[in-house]
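Protein chains in written order, with our numbering: chain A, 1110 to 1322; chain B, 1110 to 1322.
Beta carbons are placed, not taken as given, at the ideal position from N, Cα and C, and that holds for glycine.
Below: one structure, written as structure tokens.
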């Protein structure tokens, strides 16, 4: 995603502490209190401009969603969605995904969404892919037993790599579509990127994997 | 594959017992004697007209190949390839793949190839797919520890199903290509079917999976 410099972004983020949670490490183990209920928590790692996580939160009011995005200039777009929709079951975190353990306790999260993650195509950058084993370790730590990762991408190389990485880690492949938009999968919520590229005829790959314990 | 009636097929098969092994249950545990060496044995289940297994046998003289095909009218084409090439490291079996344990001893086979297997698209026929768990059980029985299945197909539904079936069975996904003919995979030997359909721009999917013990 091309990043535009938005010098006003920090200020705007600070104005909405109810939506973009400041000092999220203080909420570790206390997300049920933040949402005011014990509904399952699903997080999206790399939430971008927020169309997916906002759409999911509208579609599933009985689930609490947390969208995680590093870039201020991007997360402000997700904030705009959230301001407009005023959803009580969605929060945003402006933090680095590599530090998830600082923000979530063991078994505090039920599901991780990865959508159109950066493919890092060079082999020397494999460790940065969000489906690399150190990330799978981190998700396991914060997920409930039998927690799931739902992953979609248009990037063939990243998808091939990720299915092998999931298998190597011992994750169970529960769902697989090699052409999501021509499948009978229902309830798909598209990301901005997905909308644009699937309209051009680009295939979307999707998988659901589950930790065995 | 469309089957043509070839009434002369039985007779021709009987003429070449050195190539299409009669009473193969008598060779169980003795394939090293049949080939006259201890090279690893790779089998192709559903060998069709034999272009793949013949090509592999030419490419890899240090491996012994056995092509298995149920239909007489089809295996005679594979026999023609073999007569023409006169390969010492290739044998054919005109038997039903569901009976592999009758023809191979435990750990007698190093690798199973499945190429463009019948997709059996209806859910009620899932048990007939060559990647269904009962088949995976059977391959495990005749394969060496850490034996492999190499599988390719153009059928998206069968490939999706098979990757899930492999995962459910606990097989390790070692290689995956979601578009074989646009990948940098080397040494691919095409089947007749693959040649025809990839020329039409059809994607070929390929995976290698390994038993953990």
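Contacts with chain A (Cβ-Cβ distance below 7 Å) from the segment 1236-1267 of chain B involve 1265, listed in chain order. Burial check for residue 1304/A: the Cβ neighbour count within 10 Å stays below 16, so the residue is exposed. Comparing alpha carbon positions, the residue from 1263/A, 1228/A, 1306/A and 1221/A closest to residue 1162/A is 1221/A. When C-beta distances to chain B are compared with 8 Å, the residues of the segment 1282-1293 of chain A below that value are 1282, 1283, 1284, 1285, 1286, 1287 and 1288, in chain order. For residue 1273/A, the closest Cβ of chain B is nearer than 7 Å. A check of alpha carbon separations from residue 1120/B across 1133/B, 1185/B, 1164/B and 1153/B identifies 1185/B as the nearest.
Within chain A, 1276, 1281 and 1282 have C-beta atoms less than 7 Å from the C-beta of residue 1276/B, given in sequence order. In this structure residue 1147/B is exposed. Its beta-carbon is surrounded by fewer than 16 other beta-carbon atoms within 10 angstroms. For residue 1269/B, the C-beta contacts it makes with chain A under 7 Å involve 1285, 1286 and 1287, in order along the chain. Secondary structure of residue 1239/A (DSSP, three-state): coil. For the segment 1263-1311 of chain B, the continuous beta strand (DSSP E) assignments of 3+ residues that do not extend past its boundaries occur at 1281-1286, in sequence order.
The C-beta of residue 1151/B has 16 or more other C-beta atoms within 10 Å across all chains shown, which makes the residue buried.
Note that the segment 1130-1147 of chain A touches the segment 1194-1209 of chain A; at least 3 beta-carbon pairs, one per stretch, sit closer than 8 Å. Excluding the 5 residues flanking it on each side, residue 1279/B has same chain C-beta neighbours closer than 7 Å at 1321, in chain order. The C-alpha of residue 1309/B is placed about 44 Å away from the C-alpha of residue 1219/A. Listed in chain order, the non-local C-beta contacts of residue 1307/A below 6 Å within the same chain comprise 1290 and 1313, local neighbours out to five positions each way being set aside. Less than 7 Å divides the Cβ of residue 1158/A from the Cβ of residue 1301/A. Boundaries cannot be given for residue 1127/B, as no alpha helix (DSSP H) includes it and DSSP labels it neither H nor E. Here residue 1223/B is not near residue 1298/B, since their CB atoms are 7 Å or more apart.
Per DSSP, residue 1200/B lies in no alpha helix (DSSP H) segment; the continuous beta strand (DSSP E) that holds it begins and ends at 1199-1202.
Annotation: the continuous beta strand (DSSP E) that includes residue 1317/B extends over 1314-1319.
When the Cα atoms are used, residue 1266/A and residue 1191/B turn out to be separated by approximately 38 Å. Inclusion of residue 1209/B and residue 1251/B in the CB contact set at 7 Å is warranted, their separation being smaller than that value. In the three-state DSSP reduction, residue 1164/B falls in the helix class (H, G or I). Residue 1216/B sits in coil when the DSSP states are folded into three classes, being neither helix nor strand.
The alpha-carbon of residue 1273/A is positioned some 15 Å away from that of residue 1274/B.
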